[in-house]
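Working notes, beginning with the structure itself.
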Amino acid sequence: MPEQQSSERPLWQQIQPGGIGVNPGSTERVQTGDWRTEVPVIDFERCTHCMICWVDCPDASFEVANAKLIAVDLKHCKGCGICAQVCPVKCIEMVPDSAENRETTDVNSGNGASSESAR
Ligand code: SF4
Ligand code: SF4
């Protein structure tokens, strides 16, 4: 068991398991992306495809192909910005939710990294 940090907050390894989501529940059926104010735009030139954003996104909004991040599904992205916070290379920028910015990032518009470059 790892040592307790000097602060009063426990390490994540010391926290007992709580509620565990074992499947996406209703996420696939519910469009959670209709009340956001910002959308994530990914600089795929800098993305290292570490998938940390994919793991931490609360709405499973990232599209993956061939083990590479390729786009965001804005039907589900609620614009929380967690992905931009956790990205280790800071290649996700949260920008205002506009038609132009949606076009840039949304998998449903056919944009994002091409499946060719995702290989
Ligand atoms: S802003 Fe990022 S983390 Fe939040 S829902 Fe959208 S893709 Fe997921
Ligand atoms: S966290 Fe950043 S670098 Fe990692 S896959 Fe997501 S966008 Fe790419």
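Under the working numbering, the final residue of the sequence shown carries the number 117; numbering is consecutive throughout.
Positions of the beta carbon are idealized from the N, C-alpha and C atoms, including for glycine.
Look at His47: its beta carbon is less than 6 angstroms from one of the heavy atoms in ligand 2.
Taking a cut-off of 8 angstroms for Cβ pairs, the region 6 to 14 and the region 40 to 53 do not touch, as fewer than three such pairs fall below it. Within the chosen limit of 6 angstroms, ligand 2 reaches the beta carbon of Ile40 through at least one heavy atom. Note on geometry: alpha-carbon atoms of Met92 and Ile40 lie some 9 angstroms from one another. Here Thr103 is buried, its C-beta having at least 16 other C-beta atoms within 10 Å. Setting aside the 5 residues that flank it on each side, Pro86 is surrounded in the same chain by Thr46, Cys48, Ile50, each with a C-beta closer than 8 angstroms to its C-beta; the list follows chain order. At a Cβ-Cβ threshold of 7 angstroms, Asp95 and Thr30 do not count as neighbours. In the displayed model, Val37 falls within a strand according to three-state DSSP. A distance criterion of 6 angstroms places the beta-carbon of Ser59 in contact range of ligand 1, judged by its closest non-hydrogen atom. By the criterion of a C-beta distance shorter than 7 angstroms, Asp57 is surrounded in its chain by Thr25, Thr30, His74, Cys75, Lys76, once the five residues flanking it on both sides are discounted. DSSP, reduced to helix, strand and coil, places Ala69 within a strand of the structure shown.
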